[in-house]
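Here the structure is laid out as structure tokens; the discussion comes afterwards.
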Amino acid sequence: MALKKTRTMCTTCHARCGVLVYSDEDNRIVKIEGDPDNVKSKGVICGSGMSEREIHNNLEGRLLYPMKRVDWDPKGERNPENRGKSAFERISWDEAMDIIADECLRIKEAYGPEAIITGQGTGRVANHWHCRINSSLGLEGWSLVPTHVCLMPHILPNAFTLGVFSSAAGDMRNAHCAVLWGQNPAMETAWCKEVFKNQAAGITKLIVIDVRFQDMSKHADVALQPRPGTDAALALAFMHEIIEHGWYDPEFIENWTYGFDELAERVKDWTPERAAEICQVDADDIRLAAEYMGNWGPVGMCIGLGPGCMHTNAIQNGRAIACLQGMLGYLDVKGGIPVPLSFSVMLDDKITLWDSQKDPGRPELFTFGGEEHPLYKSFGRSNDPHAVFNAIITGEPRPVKAYIAIANDPLLCYENTNLTYQAMTSPNLDFVCVKDFYMSPTAKIADLVLPSADWSERYSYDEELDGNFLFTFDKAVDAPGECWCDWQFFLEWGKRIDPDNWWWNDVQEMVLWRMKEFYGFDLTWDEFQSEKYRSTEPGGKQGEVVEKKYEKGLLRPDGSLGFPTPSGRIEFWCESLAAFGYDPLPDFEEPAESPVSTPELAEEYPLVVVTGIRIYSFFHSAWTNTPAQRKMYPDPFVMIHPNDARRYGITDGEWVTVESRVGHMISKAYVTREIKEGVVGVPRPGWRDECKELGLPGYGWDKANGNVLIPSTPAEPGYGATPMRSSLVKIYPGRGDL
Ligand SMILES: Nc1nc2c(c(=O)[nH]1)N[C@H]1C(S)=C(S)[C@@H](COP(=O)(O)OP(=O)(O)OC[C@H]3O[C@@H](n4cnc5c(=O)[nH]c(N)nc54)[C@H](O)[C@@H]3O)O[C@H]1N2
Ligand SMILES: Nc1nc2c(c(=O)[nH]1)N[C@H]1C(S)=C(S)[C@@H](COP(=O)(O)OP(=O)(O)OC[C@H]3O[C@@H](n4cnc5c(=O)[nH]c(N)nc54)[C@H](O)[C@@H]3O)O[C@H]1N2
Ligand code: SF4
Ligand SMILES: [Mo]
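Numbering follows our numbering, in which position 65 of the sequence shown is assigned residue number 65; successive positions increment by one, without gaps.
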């Protein structure tokens with residue numbers, strides 16, 4: 001039997017690999033292969049991508065139809081106390097969309113648009129349409145996304161310091177010193193092999209800075225394992241070494257940076273010994289790493305959530321690392337830090353309508369948490385989760401009445417889950433709607449549940465601005481039941497509330513419009529698909545990147561030379577951060593909760609918990625129900641160092657309880673030297689779902705979910721990052737009441 005072959009893209013994780021899907025006449029996926037012609041992924045595929053076959057073919061547990069809680073009547077009794085208890089009944093998409101449109105209109109009129117929260121998790125190729133629907137609702141920006149902990153707390157210091165509004169993911173393939181700083185390439189490994197090759201050829205040194213001795217640490221020339229939340233101290237010591245030894249380019253510093261002398265003064269006392277004591281690492285390792293950074297350029301750094309995202313000192317950690325990058329100077333060069341021309345087309349007003357839809361006479365929208373976290377208010381374009389959940393519960397400072405989650409599982413996503421649960425089940429919330437693939441823990445307590453199509457079942461597209469690539473993706477198989485992709489959902493929703501701005505007939509039209517509007521391609525779907533990928537410039541060359549744009553006047557809006565910062569230079573001394581109450585120079589601050597800053601608390605809770613460590617096969621809380629993925633990690637586990645295990649009477653493989661001042665969870669103990677002594681490592685998924693095929697239970701939101709342990713206050717002052725990776729816990733044998 002001839003199989004249909006479709007070239008498309010896996011979006012299970014952010015790597016977005018090109019894949020070939022082979023399907024049969026019964027609409028079943030027979031096999032999935034990496035696409036060797038994809039310029040970005042070059043044929044790479046992983047087990048998670050391949051398990052799309054199970055996700056599509058095996059419909060056990062998959063949401064197939066829109067469903068409404070039987071005893072929830074938007075026109076009558078809502079019975080909020082029954083959330084999570086009563087059954088669901090199938091309804092039509094028409095009815096579901098009418099309910100959403102009516103509820104939003106009613107709530108907006110009675111309480112203002114801010115009373116509607118639209119929640120979105122990480123990027124799932126539909127975020128820009130989500131922003132557009134928010135504009136149609138009268139909201140601005142994102143409503144609620146986890147940017148307080150996801151990359152933004154280190155993107156922002158980059159933006160302030162370097163003018164680079166991106167995560168500054170370094171060009172590791174071409175770096176001669178590749179620094180992997182609190183980033184775990186887990187599934188997204190396409191570049192790792194090239195680093196190994198370059199190391200073997202003697203042209204590249206690899207430095208890994210991670211609390212865990214992670215998979216890449218084994219390959220490192222220097223592996224540093226700092227105490228969680230102390231990375232600023234390391235960065236200051238690296239700068240100390242670089243200045244002491246003159247390992248910087250004085251001409252670059254003179255021409256393109258601001259505040260070098262003040263910075264030099266600041267780092268004068270930051271000797272490797274001082275940082276080594278704070279970070280609990282070896283001073284000689286700091287010296288060696290600094291020597292490589294100073295002498296093996298270009299230096300490319302990949303910086304993940306580790307150092308500057310999930311700590312109460314997140315912004316300052318990110319700042320110190322940004323200054324280090326500025327001092328090294330490998331910006332906008334091959335092997336260094338790419339500087340994209342725009343943050344992303346994704347957030348262009350033409351799609352998001354962020355600015356154009358705004359009524360100039362409208363009073364400023366209220367930002368939950370904006371007063372507490374002014375930097376977040378200015379740059380988050382989102383509400384602060386803690387303030388939103390408190391507002392739901394108390395109605396203060398103003399009410400929140402609806403939570404609509406699209407590709408988001410708030411019970412597994414946000415800190416202090418007991419608070420989140422209290423909010424999501426609160427009688428004050430009139431309407432909870434979840435659009436997902438499965439009955440996630442949040443879907444279980446919703447009033448309306450909507451089924452979603454996964455990547456093999458939808459049209460899509462992707463753009464790689466750094467590499468100048470553009471891909472559109474065909475649907476390989478029909479979505480099961482009545483699953484809609486998120487694009488279609490936003491389109492149908494938009495048509496009901498703001499038809500002037502949602503004129504397309506279907507998703508393909510939306511994709512083609514975007515291609516035409518942004519890149520000038522006026523093609524039919526088939527014409528577009530006839531080429532494997534296109535350049536973002538019609539007729540342009542794929543992969544062509546202009547280097548050192550700051551020397552060519554390409555980075556500043558007025559065309560002048562330099563970086564897009566107020567001074568036009570890399571700002572070691574940063575007045576604009578000082579305006580938000582920060583030290584104008586980078587500095588180290590101890591995390592708010594730690595054995596050093598809160599020794600009394602540490603008497604009861606002596607260990608630091610690092611939650612959310614990415615592991616292969618799971619993406620956030622998803623896929624613990626999928627046999628191919630669950631097989632790799634059947635049981636929830638926490639990592640603990642052998643010395644701590646001995647100290648607290650724990651043996652490998654036994655059930656343990658991890659407890660903080662706000663909650664407790666269970667897992668099996670994985671006793672390993674991988675994790676730093678004094679730290680408990682909690683992987684991301686939470687093992688929420690049952691896997692029937694393997695006979696393995698699900699642990700819901702309240703048993704093995706690391707977020708139960710994380711307090712929501714104190715948080716990072718300006719931006720509100722919560723201590724998902726620096727809270728104090730204790731660990732003891734047994735499952736207790738769980
Ligand atoms: N303690 C702790 N908490 C964390 C983190 C951590 O490291 N530690 N990481 C944080 C970070 S960086 C992020 S980005 C957030 C992410 O948090 P979320 O994005 O909310 O991640 P999930 O909890 O997996 O929720 C996503 C849900 O969307 C569903 N889904 C997946 N793809 C699609 C799709 O295309 N359409 C629809 N409709 N549904 C889809 C999945 O089945 C899943 O139930 O979590 C944050 N929370
Ligand atoms: N498999 C898989 N891949 C994913 C995801 C997923 O859920 N699963 N989520 C995606 C999302 S939304 C995001 S934002 C990215 C996040 O991607 P990453 O940031 O790469 O991933 P993490 O594993 O969260 O954190 C990276 C490393 O930080 C280390 N770390 C923790 N605390 C510290 C610290 O204080 N200092 C230092 N130096 N290191 C520390 C951890 O040990 C971990 O190895 O991953 C994306 N990719
Ligand atoms: S899940 Fe695997 S195949 Fe899919 S995008 Fe990520 S790395 Fe690529
Ligand atoms: Mo994230």
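Using N, Cα and C, we set each Cβ at its ideal position, and we do this for glycine too.
As the structure is a prediction and not an experimental result, all values here were calculated from the model.
Are at least three pairs of beta-carbons, each pair with one atom in the region 644-663 and one in the region 257-272, less than 8 angstroms apart?
no
Who are the near neighbours of E77 in its chain, counting only those whose CB is closer than 8 angstroms to its CB and skipping five residues on each side?
To locate residue 77, count along the sequence shown from 1; it is residue 77. Excluding sequence neighbours, E77 sits near D71.
Between the C-alpha atoms of F479 and R28, what's the straight-line distance to the nearest angstrom?
On the sequence shown, residue 479 is found 479 positions in, with the first residue counted as 1. On the sequence shown, residue 28 is found 28 positions in, with the first residue counted as 1. Correcting the residue type first, residue 479 is Ala in the shown sequence and not Phe. One C-alpha to the other measures close to 10 angstroms.
Start and end of the alpha helix (DSSP H) containing W93?
As a first step, residue 93 is located in the sequence shown; it is residue number 93 there, counting from the start. Looking at the DSSP string, the run of the alpha helix (DSSP H) that includes W93 is 93-111.
Within 10 Å of its beta-carbon, does T626 have 16 or more other beta-carbons around it, so buried, or fewer, so exposed?
Position 626 of the sequence shown, counted from the start, is the residue given in the question as residue 626. Answer is buried; the Cβ neighbour count reaches 16.
Straight-line CA distance for A235 to G612?
Locating residue 235 in the sequence shown gives position 235, where the first residue counts as 1. Locating residue 612 in the sequence shown gives position 612, where the first residue counts as 1. When rounded, the distance between both Cα atoms is 24 angstroms.
Touch check for the region 309-326 and the region 582-591: three-plus C-beta pairs under 8 angstroms?
yes
Let me make sure I understand the geometry here. Which of K350, I445, E273 has the alpha-carbon closest to that of W513?
Residue 513 sits at position 513 when you count from the first residue of the sequence shown. The shortest C-alpha to C-alpha distance from W513 to any of K350, I445, E273 is the one to K350.
Determine the DSSP secondary structure at K377, reduced to helix, strand or coil.
On the sequence shown, position 377 is the one that residue 377 refers to. In the structure shown, K377 adopts helical secondary structure according to DSSP, grouped into three states.
C13 beta carbon near ligand 2 (any heavy atom closer than 8 angstroms)
Translated into positions along the sequence shown, residue 13 becomes position 13. For ligand 2, at least one heavy atom lies less than 8 angstroms from the Cβ of C13.
Leaving aside the five residues before and after G686 along the sequence, list all residues of the same chain whose C-beta is less than 6 angstroms from its C-beta, in chain order.
In the sequence shown, the residue the question calls residue 686 occupies position 686. For G686, where only same-chain residues beyond five positions count, the Cβ hits under 6 angstroms are L412, S621, A704, N705.
Report back the beta-carbon spacing between G209 and L224 to the nearest angstrom; my notes put them in contact at under 8 angstroms.
Walking along the sequence shown from the start, residue 209 turns up at place 209. Walking along the sequence shown from the start, residue 224 turns up at place 224. In the sequence under discussion, the amino acid at residue 209 is Ile, which differs from the Gly named in the question. Contact between I209 and L224 holds, with the beta-carbon distance rounding to 5 angstroms and staying under 8 angstroms.
Rounded to whole angstroms, what's the CA-CA distance from G34 to V44? Just pull it up for me.
Along the sequence shown, one-based indexing puts residue 34 at 34. Along the sequence shown, one-based indexing puts residue 44 at 44. Spanning the two alpha carbons is a distance of roughly 5 angstroms.
Measure the alpha-carbon distance for S530 versus E52 and round it to whole angstroms.
What you label residue 530 is simply residue 530 of the sequence shown in a count that begins at 1. What you label residue 52 is simply residue 52 of the sequence shown in a count that begins at 1. S530 and E52: Cα-Cα distance of roughly 24 angstroms.
Closest to P153 by C-alpha separation, out of A721, V211, P733, would be which residue?
To locate residue 153, count along the sequence shown from 1; it is residue 153. Measuring from the Cα of P153, the nearest candidate turns out to be A721.
Residues in its own chain within less than 6 angstroms of V179 by CB, not counting five upstream and five downstream?
Locating residue 179 in the sequence shown gives position 179, where the first residue counts as 1. Around V179: I207, M301.
Ligand 3 heavy atoms versus the CB of V281: any closer than 8 angstroms?
Taking the sequence shown and counting its residues from 1, one reaches residue 281 at position 281. No; taking the cut-off as 8 angstroms, the Cβ of V281 has no heavy atom of ligand 3 nearer than that.
V511 classed as buried or exposed, judged by whether at least 16 other C-beta atoms fall within 10 angstroms
Indexing the sequence shown from 1 puts residue 511 at position 511. So V511 counts as buried.
Do you know offhand how far G18's Cα is from S460's?
As a first step, residue 18 must be located in the sequence shown, where it is residue number 18. As a first step, residue 460 must be located in the sequence shown, where it is residue number 460. C-alpha separation (whole angstroms): 12 angstroms.
Below 7 angstroms CB to CB, which residues in the same chain sit around M97 once its five sequence neighbours on both sides are set aside?
As a working mapping, residue 97 is identified with position 97 in the sequence shown. For M97, where only same-chain residues beyond five positions count, the Cβ hits under 7 angstroms are E492, W493, R496.
Report the rounded CA-to-CA distance for N82 versus P427, giving the unit in angstroms.
As a working note, residue 82 is residue 82 in the sequence shown. As a working note, residue 427 is residue 427 in the sequence shown. Taking the straight line from one Cα to the other gives about 10 angstroms.
Whole angstroms is fine: what's the gap from D261's alpha carbon to M172's?
For the purposes of this step, residue 261 is taken as residue 261 along the sequence shown, with counting starting at 1. For the purposes of this step, residue 172 is taken as residue 172 along the sequence shown, with counting starting at 1. Cα to Cα, D261 sits roughly 30 angstroms from M172.
Any heavy atom of ligand 2 closer than 8 angstroms to the beta-carbon of H311?
Counting from 1 along the sequence shown, the entry for residue 311 is found at position 311. Yes, since a heavy atom of ligand 2 falls inside the 8 angstroms radius drawn around the Cβ of H311.
Are there any heavy atoms of ligand 2 lying less than 8 angstroms away from the beta-carbon of D231, as far as the coordinates show?
As a working mapping, residue 231 is identified with position 231 in the sequence shown. Correct: D231 has its Cβ closer than 8 angstroms to ligand 2.
Starting from the C-beta of G170, find all residues in its chain whose C-beta is less than 6 angstroms away, skip the five residues before and the five after it, and write them out in chain order.
Here residue 170 refers to the residue found at position 170 when the sequence shown is read from its first residue. Answer for G170: G300, M301, C302, I337, listed in chain order.
Leaving out five residues before and five after Q422 in sequence, what residues of the same chain have Cβ atoms less than 8 angstroms from its Cβ?
For the purposes of this step, residue 422 is taken as residue 422 along the sequence shown, with counting starting at 1. If we look at Q422 and ignore the five residues flanking it on each side, its Cβ neighbours are F389, I393.
Should L448 be labelled buried (16 or more other beta-carbon atoms within 10 Å of its own) or exposed?
Translated into positions along the sequence shown, residue 448 becomes position 448. So L448 counts as buried.
C-alpha gap between L577 and E396, whole angstroms:
Position 577 of the sequence shown holds residue 577. Position 396 of the sequence shown holds residue 396. Answer to the nearest angstrom: the Cα atoms are 29 angstroms apart.
Cβ neighbour criterion (16 or more within 10 Å) applied to V748
Residue 748 is absent from the structure shown; the chain starts at 1 and stops at 738.
Taking a cut-off of 5 angstroms, which residues have a beta-carbon closer than that to any heavy atom of ligand 4, in chain order?
Output, sorted by chain position: T122, C150.
Buried versus exposed call for P557 [16 or more other C-beta atoms within 10 Å across all chains shown]
Position 557 of the sequence shown, counted from the first residue, corresponds to residue 557. Flag for P557 reads exposed.
Residue burial classification, H148 (beta-carbon count within 10 angstroms, cutoff 16)
On the sequence shown, residue 148 is found 148 positions in, with the first residue counted as 1. Classification of H148: buried, given that the 10 Å Cβ count is 16 or more.
First and last residue of the alpha helix (DSSP H) that includes A669?
Your numbering for residue 669 matches position 669 in the sequence shown. Where A669 is concerned, there is no enclosing alpha helix (DSSP H), although the beta strand (DSSP E) it sits in stretches over 664-671.
Using a 10 Å radius around the Cβ and a threshold of 16 neighbouring Cβ atoms, would you call E371 buried or exposed?
Position 371 of the sequence shown holds residue 371. Counting Cβ neighbours within 10 Å, E371 comes out exposed, since fewer than 16 surround it.
Taking the Cβ atom as the reference point for each residue, do Y533 and F489 lie within a distance shorter than 9 angstroms?
Numbered from 1 along the sequence shown, position 533 holds the residue referred to as residue 533. Numbered from 1 along the sequence shown, position 489 holds the residue referred to as residue 489. For Y533 and F489, no; Cβs fall outside 9 angstroms.
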